[in-house]
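Engineer: Input: one structure, supplied below.
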Amino acid sequence: MKDEVQKVIAESVDILRSRNDLAPTSREIEITIPKRKEFGDFSTNIAIILANELSKKPREVAELIINNISLEGKNLFKKIDIAGPGFINFFINEKAVTSRLTEIERLGENYGKSNLGMGERVLVEFVSANPTGYLHMGHARNAAVGDAISNILNAVGFDVRREFYVNDTGRQMELLGVSVYRRYEELFGIKKELPEDGYFGEYITDIAKEIREKKGGKLISEGVSEQEAMEYCKEHAKERLLQEIKKDLNDFGVIFDYWYSEQNELHKIRPELKDGNRMGAIRKELMQEDALEEKDVALWFKASNFGEPQDWVLIRKDGSPTYFFSDIAYHYDKIQRGFKRLIDVWGADHYGHISRLLAALRALKLNDFSLEVVLIQFVRLIKDRQEVSMSKRAGSYLTMREVMQEVGRDVMRFFLLMRSSESHLDFDLDLAKRESSENPVYYIQYAYARIGSVFEKAKERELSPSKEFLNLLNLPEEIDIIKKLLTFPELVRDCAVSLSPHKLAFYLQDIASDFHVYYNKSRIISDAPELSVARLYFVNSIRTVIRNGLKLLGISTPERM
RNA sequence: GCGCCCGUAGCUCAGAUUGGAUAGAGCGCCGGACUACGAAUCCGAAGGUCGGGGGUUCAAAUCCCUCCGGGCGCGCCA
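If you want this note's numbering, it's the position in the first sequence, counting the first as 1, plus 10.
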């Protein structure tokens, strides 16, 4: 609807330009939805802007614009005002509003979709947790946001691919192996210190016990070197934890297109590559760009030559590559695979990583791509009005799985999505568990289920929704709600552009609230059959919008609660 | 010390990378509403120097400067 208004104004401005021979400006015509009703449904400041450019009075320009609006265009409005310094305020004709309901009905589950992305491929990388432990609430937030962003981008016409980068090799994996092995030894009475930066969680002992069940004491027997034993522990633990991670994400409703294994993709020798593996190829390229330097037995990326404050190590003294190095290779590979738009959803602690990664990609002469990083701030769990402390290394943290079992998937997703990702999030476990009006998820789902039960009632009375009498929808609430429903596609586009699903969460609460108010005030099914079928048609479109919106957030729409 | 994010009602937060008119919502608190489509709902009331101070502007929660408070980063961790 906003598009239509914009078009009408643009046409008028074009006519003015051609007639008065005005210099064309590329300035886009801004249409806003004013906060206050007396300023109409739509408002534009174009007259003020043009007046400045033409050194004319804004109100005169406004008048010219209004006078040149086509007849067809004028039918959209019941009133057009010039207000204040020269704003043009448009008041939409009620009939134009109600008639648009048919569009929602016609599009059904496609209502809200658009073709903003024009099929462009986008790679969204998210979660990417190390397989060294169970997922915690920070990962859950990352998963919820990454998945919702992917859904939304998909809805506005992007071709989205979801990837999880599996950091399944390197230092952290070694530490995991040692940690498990030490616990395994403990089971046989051998006491040795775990490395300081090892993993101390109870699940490490659980994994050690699994190994004991499978292998008995073989890993401490004569013929097996400690190194071999640790290697076995590492592989076993890695597989085991990855399996748990996959299970949690699956239970959460997040499906990845690809689990990108660092080991397999970046370190494995590839006959087609001259330089062995992908890491080697990158290394060679960086060398050719004169971006490398050997210092203190380590290999450094000369980031300071590419606009960074300091250089960074790519290969440690012991010959092992840093995370930074493999992440460069991973992003290089993403671009090589033809993705021009990359989105990474990272924890806020990765902030420092962004600019050096970009510097490395610059050094590799990669320019034809965009990388957007969505930084997710931390989640604080609140229980009994107190913060639940979390420490991953010590292993004392509430896992994603535990919380999901306690509050359910829908509640968890919604709570993690209802804040802007750059805000810290207080996850109130007590509130999340309550099945009442205080819980916004149920509030929205209840509106949905309620509409469903109205339809059951309608069926009993043999009434079915019809667009024949939409002109009977003339209550101010009805008009207002329809106007809001009509902004849905634009809202979805807005969420896509700003990569912020929380706006959708707010919108849905708003619509649900409008419905509940309406429901309490007005009978949908009454003795007047024509009005009843019109209202059924109307509330059905509310249901469509709620369903489509919740689906984008990955939240279910139960018919009964 | 430097960089990024945050500071808005008792609490948790919206207020686009485009400054606009009387700053919004949920929860909590207090008081009400089921003989009509589900009370997981609704109605009413109270609650604010938008962290402080300066500046730009006809107009600032929004832009600039500065100070204060909180979080994160500044690793041969990821």
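C-beta: ideal position from N, C-alpha, C; glycine also.
Predicted model only: the values in this text are computed from it and were never measured.
(1) When DSSP labels each residue in this structure, what does residue 434 get in the three-state scheme?
(2) Residues in its own chain within less than 6 angstroms of residue 536 by CB, not counting five upstream and five downstream?
(3) Grab me the residues of residue 553's own chain with a C-beta within less than 8 angstroms of its C-beta, minus the 5 sequence neighbours each way, in chain order.
(4) Could I get the ranges of all uninterrupted beta strand (DSSP E) runs contained in the region 287–345, with 3 residues as the minimum, in chain order?
(5) In the DSSP assignment, find the unbroken beta strand (DSSP E) run with residue 53 in it and report its ends.
(6) Got a sec, what are the start and stop residues for the alpha helix (DSSP H) residue 219 sits in?
(7) Among residues of its own chain, excluding the 5 on either side of residue 103, which ones have a beta-carbon nearer than 8 angstroms to its beta-carbon?
(8) Mapping the DSSP letters down to three states, classify residue 451 as helix, strand or coil.
(9) Between 236, 433, 112, 232, which lies nearest to residue 190 when the distance is taken from Cα to Cα?
(10) Is residue 131 closer than 9 angstroms to residue 168 when the C-beta atoms are compared?
(11) Can you confirm whether the region 385–392 touches the region 429–442 when touching is taken to mean that 3 or more C-beta pairs between the two stretches lie within less than 8 angstroms?
(12) Which value, in whole angstroms, describes the spacing of the CA atoms of residue 565 and residue 424?
(13) In the DSSP output, which residue or residues are listed as bridge partners for residue 176?
(14) Ordered along the chain, which non-local residues of its own chain (more than five positions away) have a Cβ less than 7 angstroms from that of residue 208?
(15) What is the DSSP secondary structure of residue 93, counted as helix, strand or coil?
(16) Starting from residue 393, trace the alpha helix (DSSP H) in both directions and tell me its first and last residue.
(17) If you draw a straight line from the alpha carbon of residue 560 to that of residue 82, how long is it in whole angstroms?
(18) Is it buried or exposed, residue 558, if we count other Cβ atoms within 10 angstroms and call 16 or more buried?
(19) Return the chain-ordered list of same chain residues with a C-beta closer than 6 angstroms to the C-beta of residue 72, the five sequence neighbours on each side being excluded.
(20) With three or more C-beta pairs closer than 8 angstroms as the rule, is the region 375–382 touching the region 332–352?
(21) Let's see if you can read the secondary structure: which residues bound the alpha helix (DSSP H) around residue 135?
(22) Apply the 10 Å Cβ neighbour rule to residue 340 and answer buried if 16 or more other Cβ atoms are within range, or exposed otherwise.
(23) I'd like to know whether the C-beta atoms of residue 51 and residue 493 end up nearer to each other than 9 angstroms.
(24) Residues in the same chain with beta-carbon distance under 8 angstroms from residue 571, minus the five sequence neighbours each way, listed in chain order, please.
(25) Do the CB positions of residue 122 and residue 562 come within less than 9 angstroms of each other?
(26) Assess contact between the region 124–142 and the region 316–333, defined as three or more Cβ pairs (one per stretch) separated by less than 8 angstroms. Is contact present?
Structural biologist: This is what the structure gives:
(1) Three-state result, residue 434: coil.
(2) Cβ within range, chain order: 542.
(3) Short of 8 angstroms from the beta carbon of residue 553, and not among the five residues preceding or following it, lie these beta carbons of its own chain, in chain order: 458, 461, 462.
(4) Within the region 287–345, the complete beta strand (DSSP E) runs of at least 3 residues are 302–305, 308–311, 322–325.
(5) Following the DSSP letters along the chain, one finds residue 53 inside the beta strand (DSSP E) bounded by residues 52–54.
(6) Element bounds for residue 219: 212–225.
(7) Excluding positions up to five away in sequence, the list reads 85, 86, 87, 88.
(8) Residue 451 falls in the helix class under three-state DSSP.
(9) Looking at the Cα atoms, 236 is the closest of the given residues.
(10) Less than 9 angstroms divides the Cβ of residue 168 from the Cβ of residue 131.
(11) Touching, yes, given that three or more Cβ pairs across the two stretches are closer than 8 angstroms.
(12) Between the alpha carbons of residue 565 and residue 424 lies a distance of about 7 angstroms.
(13) Secondary-structure assignment with DSSP links residue 176 through a beta bridge to 271.
(14) Same-chain partners within the cutoff: 185, 188, 189.
(15) DSSP places residue 93 in strand when its eight states are reduced to three.
(16) For residue 393, there is no enclosing alpha helix (DSSP H); the residue is part of the beta strand (DSSP E) that begins and ends at 389–393.
(17) About 36 angstroms.
(18) Using a 10 angstroms sphere on the CB of residue 558, the tally of other CB atoms reaches 16 or more, which defines it as buried.
(19) 57, 92, 96, 98, listed in sequence order.
(20) Result yes; three or more Cβ-Cβ pairs closer than 8 angstroms.
(21) Not the alpha helix (DSSP H): residue 135 falls in the beta strand (DSSP E), residues 131–135.
(22) Buried, because 16 or more other Cβ atoms sit within 10 Å of the Cβ of residue 340.
(23) It is a contact, given that the beta carbons lie within the stated cut-off.
(24) Leaving aside the five residues that flank residue 571 on each side, the residues in its chain whose CB is nearer than 8 angstroms to its CB run, in chain order, 452, 455, 456, 459.
(25) Cβ atoms of residue 122 and residue 562: closer than 9 angstroms.
(26) No: the two stretches stay apart, fewer than three of their Cβ pairs being nearer than 8 angstroms.
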